[in-house]
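A.B. asks: I am attaching a structure below and will ask some questions about it afterwards.
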Amino acid sequence: MQPALQSSERATLESISAIRTWTPGLYSFKTTRPPEYRFAAGQYARLGLLTPQGHLVWRAYSIVSASTDDELEYYVIDVPGGAFTSQLRQLVPGDPILLDRQSLGVMLPERFTDGEDLWMLATGTGLGPFIAILREATVWQRFRHLVLVHSVRHPEEFSYRDELLELQRAHDSEMAELRLLQTCTRVQPVGEEAHLHGRITTLLQNGELERHAGLKLMAESSRVMLCGNPAMIDEMRELLKERGMRPVRRDTPGQYLAENYW
26 MQPALQSSER ATLESISAIR TWTPGLYSFK TTRPPEYRFA AGQYARLGLL
76 TPQGHLVWRA YSIVSASTDD ELEYYVIDVP GGAFTSQLRQ LVPGDPILLD
126 RQSLGVMLPE RFTDGEDLWM LATGTGLGPF IAILREATVW QRFRHLVLVH
176 SVRHPEEFSY RDELLELQRA HDSEMAELRL LQTCTRVQPV GEEAHLHGRI
226 TTLLQNGELE RHAGLKLMAE SSRVMLCGNP AMIDEMRELL KERGMRPVRR
276 DTPGQYLAEN YW
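Take 26 as the starting number for the sequence shown in the working numbering and just add one per residue.
Here you go:
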């Protein structure tokens with residue numbers, strides 16, 4: 026008989042409360058949230074599940090929820106043969122899951138000490154922490170412009186699009202303006218489709234990213250957050266360095282923050 030998940034000094038026992046499928050293999054899910062659990066938008070949680078062999082496996086996932094939400098939301102892609110996601114995908118509402126009591130991560134917009142424009146560049150499920158950040162009122166008051174760039178392979182992978190468009194429409198003169206740029210690496214836009222075509226780094230190099238954003242990405246006014254594919258992040262580091270931008274360090278202000286997603 027397989028052992029049951031249990032609360033411990035390290036983790037609380039929570040349950041799946043909702044699941045939303047975006048595409049086959051790409052989905053969001055929510056869990057219950059213990060009253061004492063605290064996190065800041067941009068941080069991640071560690072979740073635990075048992076394998077069929079009874080081994081406890083932990084994985085880190087960015088929290089998509091606002092910090093005041095009653096539930097915790099996550100945005101996930103299936104990893105073929107993955108020890109964790111192969112179990113996660115079988116769960117249904119009501120099933121148990123462990124939550125590490127400590128939230129983690131320093132992908133936080135408040136780490137920027139200055140700047141007018143916040144650029145959030147994501148590939149795939151790297152979008153997750155930026156959804157959380159945009160669900161908070163503080164970032165809309167802190168910056169003049171918010172630019173969200175989301176790169177996927179196919180248009181159907183533009184998850185959370187309706188919510189992002191609603192955030193754009195809800196803008197008022199006392200809040201930052203959201204500029205949403207979505208790009209596909211494998212599919213050219215057809216007809217009235219609004220997405221761009223190409224990798225984020227290519228679009229920055231050829232000027233298309235700045236042209237569509239209507240803003241210049243520069244050290245004086247721009248602050249950048251990078252999340253997703255490590256190759257994109259490595260290339261972006263070099264491109265930002267060429268523009269005189271440096272990473273935020275513990276004791277040193279900078280112009281960008283980065284978080285690899287694998």
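We treat Cβ as the ideally placed atom computed from N, Cα and C, and that holds for glycine.
Because the structure is a prediction, the values reported are computed rather than measured.
So, for Thr148: in the same chain, excluding its five sequence neighbours on each side, which residues have a beta-carbon less than 6 Å away from its beta-carbon?
C.D. replies: Excluding positions up to five away in sequence, the list reads Ser176, Gly253, Asn254 and Met257.
A.B. asks: Quickly, what does DSSP pair Gln171 with across the bridge? List them, please.
C.D. replies: Note that residue 171 is Leu in the sequence shown here, rather than Gln. Leu171 pairs with Leu143 and Leu203.
A.B. asks: Sort Asp142, Leu133, Tyr86 and Thr150 by Cα distance to Gly50 and report the nearest one.
C.D. replies: Out of Asp142, Leu133, Tyr86 and Thr150, Thr150 has the C-alpha closest to the C-alpha of Gly50.
A.B. asks: Within this structure, are the beta carbons of Tyr52 and Ile44 separated by less than 8 Å?
C.D. replies: Against a cut-off of 8 Å, the Cβ pair of Ile44 and Tyr52 comes out as a contact.
A.B. asks: Under DSSP, the beta strand (DSSP E) around Thr48 begins and ends at which residues?
C.D. replies: Counting along the chain, the beta strand (DSSP E) containing Thr48 begins and ends at Ala36 to Thr48.
A.B. asks: For Ser32, I'd like the list of residues in its chain whose CB is within less than 7 Å of its CB, leaving aside the five on either flank, ordered along the chain.
C.D. replies: Within the same chain, Ser32 has close Cβ partners Leu38.
A.B. asks: Taking the C-alpha atoms as reference points, what is the distance between Val172 and Leu146?
C.D. replies: Roughly 8 Å between the two C-alpha positions.
A.B. asks: Just the Cα atoms here: how many angstroms apart are Ile225 and Gln115?
C.D. replies: Rounded to whole angstroms, Ile225 to Gln115 spans 33 Å at the Cα level.
A.B. asks: Taking its Cβ as the centre, do 16 or more other Cβ atoms sit within 10 Å of Arg275, making it buried, or is it exposed?
C.D. replies: Classification for Arg275: exposed.
A.B. asks: Assign Met26 to one of three DSSP states: helix, strand, or coil.
C.D. replies: Since pLDDT at Met26 reaches only 47, below the 50 mark, its modelled position is unreliable, and no value is offered.
A.B. asks: Can you grab the Cα-Cα spacing for the pair Ala283 / Pro272, in whole Å?
C.D. replies: Cα to Cα, Ala283 sits roughly 8 Å from Pro272.
A.B. asks: Distance, Cα to Cα, Leu264 vs Glu233?
C.D. replies: Spanning the two alpha carbons is a distance of roughly 15 Å.
A.B. asks: What residue ranges within the segment 86 to 123 form continuous alpha helix (DSSP H) runs of no fewer than 4 residues, ordered along the chain?
C.D. replies: Taking only runs of at least 4 residues, the alpha helix (DSSP H) segments lying wholly in the segment 86 to 123 are 110 to 113.
A.B. asks: How many angstroms separate the CA atom of Ser198 from the CA atom of Met250?
C.D. replies: So the two alpha carbons sit approximately 24 Å from each other.
A.B. asks: Which one or two residues does DSSP pair with Lys266 in a beta bridge?
C.D. replies: None, per the DSSP bridge assignment.
A.B. asks: Looking only at C-alpha atoms, which of Thr110, Phe155, Asp139 and Val174 sits nearest to Ser247?
C.D. replies: Considering only alpha carbons, the answer is Asp139.
A.B. asks: Short of 7 Å in beta carbon distance, which residues of its chain neighbour Ala108, apart from the five on each side in sequence? Order them along the chain.
C.D. replies: So the qualifying residues of the chain are Thr76 and Val82.
A.B. asks: Tell me whether Lys266 is buried or exposed, calling it buried when 16 or more other Cβ atoms sit within 10 Å of its Cβ.
C.D. replies: Counting Cβ neighbours within 10 Å, Lys266 comes out exposed, since fewer than 16 surround it.
A.B. asks: Can you check whether the CB of Ala70 is closer than 8 Å to the CB of Asp125?
C.D. replies: The answer is yes: Cβ separation under 8 Å.
A.B. asks: Identify the residues that DSSP records as bridge partners of Asp276: which are they?
C.D. replies: Asp276 pairs with nothing; no bridge assigned.
A.B. asks: I believe Met132 touches Gly67 by the beta-carbon criterion, under 8 Å. Please report the beta-carbon distance rounded to the nearest angstrom.
C.D. replies: Contact holds; Cβ gap of about 4 Å.
A.B. asks: Skipping 5 residues on each side, what residues in its chain have a beta carbon closer than 8 Å to that of Thr57?
C.D. replies: These residues qualify, in order along the chain: Glu39, Ser40, Ser42, Glu96 and Leu97.
A.B. asks: Between which two residues does the beta strand (DSSP E) carrying Ala283 extend?
C.D. replies: It spans Tyr281 to Asn285 - the beta strand (DSSP E) in which Ala283 sits, taken as one unbroken run.
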